[in-house]
Structure formats: structure tokens, C-alpha cells
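Colleague: Structure provided below as C-alpha cells; questions to follow.
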Ligand code: PLP
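Numbering (my numbering), first residue to last: 228 to 683.
Right under this line is the structure:
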């Protein structure tokens, strides 16, 4: 093992027991406690599975996980253990990643507009790879970070993406030559190009277009004498299913514009793809009240169906539900206590624990009547949730309970052993297959990896 993560950092889930069983056990413990605080269960095995899917879908792309998406310690330790790099957007994120022992060459500082003191911090902590998209940034870097290796971030046409980033960042293609020339005058090294297609993109072809544009900028850079060797295709990847189609588009664009052997390293900055599905949040109802349902009355309706209930829960948009404000998310609760079939349902809304009137978690839900202390479960709560958590109103973020199945833990070890085999050895084994025993050992390892992979 690489030493970033060990069994003291998470709860090992043995065969015959699932992380869902663990959640039920935790619910029992929390139900006995008087405070019934909200808590997370983070299934690290799910992250391992997402990582393996990523490597399989985009075999030529190295993931640099976007720390801003979810910077919880157990998670970044796992990703370091898996050999991922890190996309950091600030001094604090660099410090966090370096505090667990990640070397600086596994970090890219991706904010194109950095505070000078933070550029100096990167310089003094050995982080050389940084992005930029404007002339002023080049001036700051020339003065404060002479060993920086800069990556020019270009804008994408993310007008159809749900979370747009090119409205704020990215140089236009027209301005790239000027920026590259200015960098040359300032003696700043340019090593590559990056982009981000925005999150929630509609058409994967946006990757093909952006990769083609990046190729044009590579040509400009090489004409000016730069050794361009890094392409960063950013983030925005959704779940593993959606990513299959996207990966096909990316792989064929890479084959066309950056074919294998062209000497260009390809990285990506996935965030939500890795973590969204791994985190489950459990909250409890802390208060409720009935409000008049503003609905033109129809005499035939049952009186009960006209009741509307507001529930207050012990989390808020200023803590784990930041995804509502920052990511346009619409979290839907699962009731822990299953309702009876004949139980009437009511128009219901969920409100956060802060005093802010905007702290609304969900409206227009049809739910059976809940009671104070009832538990609600929210799945897919890993991305841009706790990351934006604040102590507004004096509340603290929910505790995170990390767990992983033994098979996932073993898959990490198998993956590491596989990656540890020198490339040459692996290739020569594949070609020559001289020794039966060697071949058998190799098959064993791969079979186990595949088994572990599919069993996850
Ligand atoms: N890279 C950069 C520069 C970003 O700003 C973001 C998100 O804001 C990401 C990567 C991650 O995006 P996602 O979580 O959609 O993959």
C-alpha cells in the first residue's frame, strides 16, 4: 500500500454486510442518543468502483481529482492511495493535499486568477503546474514563481451546460497567440492547454470541439518554440453510465488530435463523477407545523389532502445542502420509516435549521405525515455538499462515517500491484508469454482484479 490510507481511517465492511446495513446500525446508535444529529455514511468502495470505471473508460487519461468538490480527509486519502493526482484551487487545498503526503508533482493549481501570496505559496511548496488565462496572471507568475509550468486555459462553448464556467474563465482562441507571445517575452514556460466544458453538459461533442481547439493552441505554442506536452480536459463528467458515451467521444477526439505516442500527457479534473454517489446523508426532523394549503377548494377532495406540512430538519443549505445553492441540485428524501399503504400523504416541504428564509431544502413533496425525530435519508450527496459547509448560525457539519467493503480494499491492493509492474515487464509478458508460471501469475492477478472489480 502507498501509506495514505489504512484500516484505521475507515470501517471495514466484511462479507455479508453492506454499507446500507452499516447505515441502519448507525441509525440505531443515533436513535438511542438524545441529540439525533445528522450524519454521513461515505462508501469508499463506491469511489474505488468509480475510479476503476474511469480508468477503463478513459485509459489514456490520468485523473486529477478536483478537491473543491469534496475535500473530506478520508476521501482524499483514498484517492491518493489509488494514485490519483489533485486539482487544487487555493493555498488551503494545496496545504490539505500536501498534509497527507502527496508530492507536489501530483498537484495542479487550477485557478486561472490567483492571489499573489498564493502563487508564492505554490512556489515555496514545489507546486509548479498552474493554469492561467490572462496577461496579468503571467506578470504575477513571472515575478513570483520563476519555475512555474503554465497551462493555458481556453474557453469552451458551455452555453448549454447547467453550471457554466467559461462565463468566468478561459481565454478565447483569438487571444491565445498574444498570450503565448507575451509569456515568451516574460520568460514564462508554457507546457500545455486546459479547458472545462461546464458541469451538466448536454452534448458530449463539446469535448471533441474543445480538444480540437486545444490542438490549435498546441500548434501555436510549438510554432513559438514551446515544448507543449500536457492536455487537461477538465471535469464535468457525470455518473458512470453517462460517461460511457462521453468517453467514446473523448477517446476518438484524442486519437485524432493527440494520438498515442505523440508525447502529450492527458489529464482530467473529475469531481462529481468520483464522489456524488458515495455519500449518503441522514438527517432528522426537528420541528413541524401545518400551514394553510393555498389551493382553490374543490368540494370533492378529502379534507386531509388539503393539509400542508412544513418540516424543519437538522441540516441546511449552509451545510450539507450547499448543492442546492451552488449546484442547482434537487435532493429528494427517502423515508427511513416506511409508510403503510393506506396512509394519506400531504403536500410537504423541508426547511433547513438556519434562521434564513431562503434555507429551503425541498418543496412540493407528497409525504405521509412525519413526526419529530423521524429520520430522512438523502442519497448521492457527495458532490458540492459539505464542500461549501459553513458554521452559519453556529451549526457544525455532520460527522462523516467512512466505510469500505473488504473486496474493495483488496481491489485497491490488486490495482497497486498491477500498476507497480514496470510497463516493460507487462508488455514483454504479453508478447512473449514464455514462462507458463509467469503467465499463470499474471492471469491470476488480472482475474482477481477483474473479479474484485465486478463484484464491487
Ligand atoms: N476543474 C475546474 C477548474 C472546476 O472549476 C471544476 C468545478 O467547478 C471541476 C474541475 C470539477 O467539475 P465537476 O465536479 O463537474 O467534474
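Even for Gly, the Cβ is constructed at its ideal location relative to N, Cα and C.
Computed from a prediction, not measured in an experiment: that's the story for all the values here.
Could you tell me the distance, in whole angstroms, from the CA atom of residue 658 to the CA atom of residue 488?
Modeller: Confidence at residue 658 is low in this model, with a pLDDT of 40, below 50, so its placement is unreliable and no value can be given for it.
Colleague: Please tell me whether, using a cut-off of 7 Å, the distance from the CB of residue 422 to the nearest non-hydrogen atom of the ligand PLP is below it.
Modeller: no
Colleague: May I ask you to check if the CB of residue 612 is nearer than 7 Å to at least one heavy atom of the ligand PLP?
Modeller: No, the Cβ of residue 612 stays beyond 7 Å of every heavy atom of the ligand PLP.
Colleague: Where does residue 270 sit, in a helix, a strand or coil, going by DSSP?
Modeller: strand
Colleague: Taking the Cβ atom as the reference point for each residue, do residue 357 and residue 407 lie within a distance shorter than 8 Å?
Modeller: no
Colleague: Would DSSP call residue 238 helix, strand or coil?
Modeller: strand
Colleague: Taking 8 Å as the cut-off, decide whether the C-beta atoms of residue 309 and residue 551 are in contact.
Modeller: no
Colleague: Express the C-alpha separation of residue 480 and residue 178 in angstroms, rounding to a whole number.
Modeller: In the structure as shown, the chain starts at 228 and stops at 683, and residue 178 therefore has no counterpart that could be examined.
Colleague: Roughly how far, in whole angstroms, is the beta-carbon of residue 625 from the beta-carbon of residue 266, given that I think they are within contact range, below 8 Å?
Modeller: 5 Å
Colleague: Please report the Cβ distance between residue 485 and residue 543, rounded to the nearest whole angstrom; I am assuming they are in contact, meaning their Cβ atoms lie under 8 Å.
Modeller: In this structure residue 485 is not in contact with residue 543, their Cβ atoms being roughly 45 Å apart against a cut-off of 8 Å.
Colleague: Alpha carbon to alpha carbon, how far is residue 515 from residue 305? Give it in angstroms, no decimals.
Modeller: Cα-Cα distance, rounded: 39 Å.
Colleague: Express the C-alpha separation of residue 307 and residue 651 in angstroms, rounding to a whole number.
Modeller: Residue placement at residue 651 is flagged as unreliable, the pLDDT there being 48, under the threshold of 50; a coordinate-derived value is accordingly withheld.
Colleague: Out of 395, 451, 383, 556, state which residue places its alpha-carbon closest to the alpha-carbon of residue 414.
Modeller: 451
Colleague: Any chance you could list the alpha helix (DSSP H) runs of at least 4 consecutive residues sitting entirely within the stretch 464-515, in chain order?
Modeller: 467-484, 499-502
Colleague: I'd like to confirm something about residue 392: is its beta-carbon nearer than 7 Å to some heavy atom of the ligand PLP, or not?
Modeller: yes
Colleague: Counting pairs of beta carbons, one from the stretch 362-371 and one from the stretch 338-349, are three or more of them closer than 8 Å?
Modeller: yes
Colleague: Would residue 426 and residue 499 qualify as a contact pair, given that the criterion is a beta-carbon distance under 8 Å?
Modeller: yes
Colleague: Are residue 513 and residue 458 closer than 8 Å when you measure CB to CB?
Modeller: no
Colleague: Using only the alpha-carbon positions, how far apart do residue 380 and residue 401 sit?
Modeller: 13 Å
Colleague: Taking only heavy atoms of the ligand ATP into account, decide whether any of them is closer than 7 Å to the Cβ of residue 289.
Modeller: Among the ligands present in this structure, namely the ligand PLP, the ligand ATP is not found.
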